[in-house]
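Report on the structure given below.
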Amino acid sequence: MRNYRLYLIRHGITSGNLEGKYIGTTDLPLCEEGVDAISSLVALDVYPHVQKVYSSPLKRCLETADIIYPERLLKRIDGIAEMDFGEYEGKTHEELSADKDYIEWLKGGYEAAAPGGESFGHFTIRCLDGLEEIFKDMMANDVTSAAVITHSGVIMNLLSGYGLPKMKPVDFACNQGEGFEIQLSTFLWQHGPVFEIVGKLF
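The numbers in the sequence shown follow our numbering, run straight up by one, and end at 211.
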């Protein structure tokens with residue numbers, strides 16, 4: 010049975026990341042530090058060679074993909090964009106720490122959502138649909154190795170929710186430019202959906 014390798018890579022640093030803000034739907038580009046950091050990793054040849062690249066439609070991911078894989082076919086996947094943080098968008102933890110609704114939201118739960126934002130449950134299903142779209146495209150086009158340039162929230166959500174072995178979301182936190190390797194098979198996907206977590210990229 011054929012296996013499919015996916016490398017989930019977090020986008021480079023933005024000004025919002027440096028300021029500690031919740032940045033979900035805000036379409037920030039990479040900052041200068043972000044471009045330099047990703048370029049340095051590329052120079053070290055740490056990223057695997059792949060047949061195709063899938064990316065969140067947001068600038069910070071598309072720019073990261075262009076630095077790491079400038080000559081690879083790229084397909085945008087809306088389902089792997091970052092969570093919509095609603096009224097918390099663009100704010101820091103310190104700015105929100107006295108808000109009772111914010112403290113409650115941090116506890117999580119399927120229905121938990123920032124005011125005007127996306128619930129954790131909806132985000133989970135959306136990410137899963139995005140991965141399903143990628144997997145189907147790989148099978149249809151005979152692609153067995155691909156990179157997915159996405160966001161920290163998407164990576165942690167997918168790996169903790171559908172990866173084996175089972176671990177907590179915080180176990181999959183990674184810095185910008187880092188990521189994880191996973192292996193998908195039609196058997197596990199159809200009986201889960203689940204996939205195997207191979208490990209960190211580097």
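We treat Cβ as the ideally placed atom computed from N, Cα and C, and that holds for glycine. Because the structure is a prediction, the values reported are computed rather than measured.
Determine the closest residue to LYS145 out of GLN199, VAL55 and ARG69, with distance taken between C-alpha atoms. In terms of CA proximity to LYS145, GLN199 leads the group GLN199, VAL55 and ARG69.
Closer than 8 Å is the cut-off here; do at least three beta carbon pairs connect the region 183-194 with the region 159-168? Counting Cβ pairs under 8 Å, three or more are found: they touch.
Candidates PHE94, GLU91, GLY95 and CYS70, of which the one nearest LEU83 by Cα: Comparing Cα-Cα distances from LEU83 to each of PHE94, GLU91, GLY95 and CYS70, the minimum goes to CYS70.
Tell me, please, which residues DSSP counts as bridged to GLU190. In the DSSP secondary-structure assignment, GLU190 is bridged to TYR16 and GLY208.
My output table needs one value for ALA123: the three-state DSSP class, helix, strand or coil. Coil, per DSSP.
Return helix, strand or coil for ILE86, following the three-state DSSP convention. Looking at ILE86 - three-state DSSP - the assignment turns out to be coil, as it is neither helix nor strand.
Below 7 Å between beta carbons: does that hold for GLY95 and PRO124? Their beta carbons are under 7 Å apart, which means GLY95 touches PRO124 by this criterion.
What does a CB cutoff of less than 8 Å around THR35 pick up in its chain, not counting 5 residues either side in sequence? Contacts found: GLY25, GLU98 and GLY99.
Quick one: grab the DSSP three-state call for LYS30. LYS30 falls in the strand class under three-state DSSP.
For GLY33 versus MET92, is the C-beta distance shorter than 7 Å? Contact flag set, yes.
Can you round the beta-carbon distance between ALA163 and LYS61 to whole angstroms, since I take them to be within the 8 Å contact cut? The sequence given here has Val at residue 163, not Ala. A Cβ-Cβ distance of about 18 Å is found for the pair VAL163 and LYS61, leaving them out of contact under the 8 Å criterion.
Limits of the unbroken beta strand (DSSP E) element including LYS61: First-last of the beta strand (DSSP E) with LYS61: 61-64.
Quick one: grab the DSSP three-state call for THR23. Reduced to three states, the DSSP call for THR23 is coil.
Tell me the residue span of the beta strand (DSSP E) that contains GLU159. Checking the sequence, you will find Thr at residue 159 rather than Glu. Annotation for THR159: the continuous beta strand (DSSP E) segment containing it runs 154-159.
How is the alpha helix (DSSP H) around THR73 delimited, first residue to last? For THR73, the uninterrupted alpha helix (DSSP H) run begins and ends at 68-77, by DSSP.
Cutoff 7 Å; reference GLY170; Cβ partners in own chain excluding five residues on either side: Excluding residues within five positions, the ones whose Cβ falls inside 7 Å are THR133.
To which residues does DSSP link GLY172 through a beta bridge? Looking at the DSSP assignment, GLY172 forms a beta bridge with PHE204.
C-beta contact flag for THR73 and ILE89 at 7 Å: It is not a contact, given that the beta carbons lie outside the stated cut-off.
LEU173 and VAL203 - do their beta-carbons sit closer together than 7 Å? With respect to LEU173, VAL203 sits close: the two C-beta atoms are nearer than 7 Å.
Are the beta-carbon atoms belonging to VAL51 and ILE22 less than 7 Å from one another? For VAL51 and ILE22, no; Cβs fall outside 7 Å.
Residue burial classification, SER64 (beta-carbon count within 10 angstroms, cutoff 16): With 16 or more other Cβ atoms from the protein chains shown falling within 10 Å of its own Cβ, SER64 counts as buried.
Inter-residue Cα distance where the pair is GLU41 and ASP75: Roughly 15 Å separates the two Cα atoms.
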